[in-house]
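Scroll down for the structure; my scribbles are underneath it.
Chains as they are written, first to last, in the numbering used here: chain A, 5 to 117; chain B, 10 to 120.
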């Protein structure tokens, strides 16, 4: 079944550690996105990609980085985690075209202590 | 600058009654609008959408209304069911570009 997968679902990590949040999709979508959401707040776009070797920063400034070496894989990396990075991170993908919505993964709840 | 606003943080409705969730937007260039539903510890799932060339779209118990002049859209759920209890996000896009989301409205349907 076509889907989008995020791992880990939950992560508690110490300040200063390097972390990578994984996101993979099996739908062959060219467009992929990372959103950050705090409780009761909007989903804020932090990174997006429209294809292999294409990445752009989103509307919300983020210290994270992303890569897109394969169509199906869009990992997000924090070189040195801080408590301010504590949030939920949601990965999504979509097809080309004006009227396609996103398919979201289940998210990663990150807590930096 | 919030381009998509959901001014009601929460809504409580009795089972069987109508739920009306509202959304306002400021960018007149938005031409496609979507509603997503999110359960705790899960990602948002697509619910229903509407193009700016329409003013209504219906899918079973869910209907979305768009008032372009007022830059307002609403989601109606009739009849509401306890399983509809979730966070509902309104989203909009311009010319097929990135989706802009509101802050969400928590819907609680009481049985």
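The beta carbon of each residue, even a glycine, is placed where N, CA and C say it ideally should be.
query                                                                                                                              : result
Proximal residues of chain B, C-beta to C-beta of residue 110 of chain A below 8 Å                                                 : 50, 51 and 52
Integer-rounded CB distance, given that residue 76 of chain A should sit under 8 Å from residue 112 of chain A                     : No, residue 112 of chain A and residue 76 of chain A are not in contact; Cβ-Cβ is about 17 Å, not under 8 Å.
Inter-residue CB distance, residue 14 of chain B and residue 105 of chain B (contact presumed, cutoff 8 Å)                         : Actually they are not in contact, since the Cβ atoms of residue 14 of chain B and residue 105 of chain B sit about 22 Å apart, beyond 8 Å.
Stretch pair the region 36 to 50 of chain B + the region 64 to 81 of chain B: three plus CB contacts closer than 8 Å               : yes
is_contact[residue 46 of chain A, chain B] using C-beta, thresh 8 Å                                                                : yes
Contact check, residue 40 of chain A vs residue 66 of chain A, beta carbons under 8 Å                                              : yes
Same chain, Cβ closer than 6 Å to residue 78 of chain B, five either side skipped, listed in chain order                           : none
CB contact flag (residue 7 of chain B, residue 109 of chain B, <8 Å)                                                               : Examination of residue 7 of chain B is not possible in this model, given that chain B is present from 10 through 120 alone.
DSSP beta-bridge partners of residue 33 of chain B                                                                                 : B:14 and B:81
Proximity test, Cβ basis, 8 Å: residue 107 of chain B and chain A                                                                  : yes
Under 8 Å between C-beta atoms of residue 82 of chain B and residue 95 of chain B                                                  : no
Buried/exposed call for residue 53 of chain B, threshold 16 Cβ in 10 Å                                                             : buried
Within-8 Å CB hit, residue 32 of chain A to chain B                                                                                : no
CB contact check: residue 69 of chain B to chain C, cutoff 8 Å                                                                     : Structure shown: chain C not included; protein chains present are A and B.
Nonlocal neighbours in the same chain, by C-beta distance under 7 Å from residue 17 of chain B, ignoring five residues either side : 31 and 114
Residues that residue 95 of chain B contacts on chain A, provided the C-beta gap is smaller than 7 Å                               : The premise fails here: residue 95 of chain B is roughly 13 Å from chain A at the closest Cβ pair, so nothing lies under 7 Å.
Residue 72 of chain A, buried or exposed, once every other Cβ within 10 Å from all chains shown has been counted against 16        : buried
Where residue 33 of chain A falls: helix, strand or coil (DSSP)                                                                    : coil
Within 7 Å of chain A by C-beta, residues of the region 55 to 79 of chain B in sequence order                                      : 55, 58 and 60
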